[in-house]
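Q:
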Amino acid sequence: MSDGNFNRALLPHTPYASGMKTGRAIARMKAVEAFAQWLQMEQPSLSDDERKAKAEAFSQLLNKLLER
97 MSDGNFNRAL LPHTPYASGM KTGRAIARMK AVEAFAQWLQ MEQPSLSDDE
147 RKAKAEAFSQ LLNKLLER
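Residues 97 to 164 (this note's numbering) are what the sequence shown spells out, left to right.
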């Protein structure tokens, strides 16, 4: 009886997993960018530093939620 690692070594390499990771990373970047643009439209009185801090907090929250 062969082990699973041996069987996996016989399968052709597929870029599916790396493509999924890349897609998720791009989606996160777009979400943070969209939030920053929305924040600029909704809260024009905020300074650039405050906007960056809120966008960073949003990014961290998004990463926590997507880790599950």
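For glycine and all other residues, C-beta sits at the position ideal for the given N, C-alpha and C.
Predicted model only: the values in this text are computed from it and were never measured.
Which same chain residues, not among the five before or five after Lys-162, have their C-beta less than 8 Å away from its C-beta?
A: It is Leu, not Lys, that sits at residue 162 in the sequence shown. Correct list, in chain order: Arg-120 and Arg-124.
Q: Between the region 109-116 and the region 136-154, do three or more beta carbon pairs fall short of 8 Å?
A: The region 109-116 is not in contact with the region 136-154.
Q: Would you mind giving the Cβ-Cβ distance between Val-128 and Leu-158, rounded to the nearest angstrom? I have them listed as a contact below 8 Å.
A: Contact flag correct, Cβ pair sits at about 7 Å.
Q: Work out the CA separation of Pro-111 and Ala-151 for me, nearest whole Å.
A: Looking at the two C-alpha atoms, the distance is approximately 31 Å.
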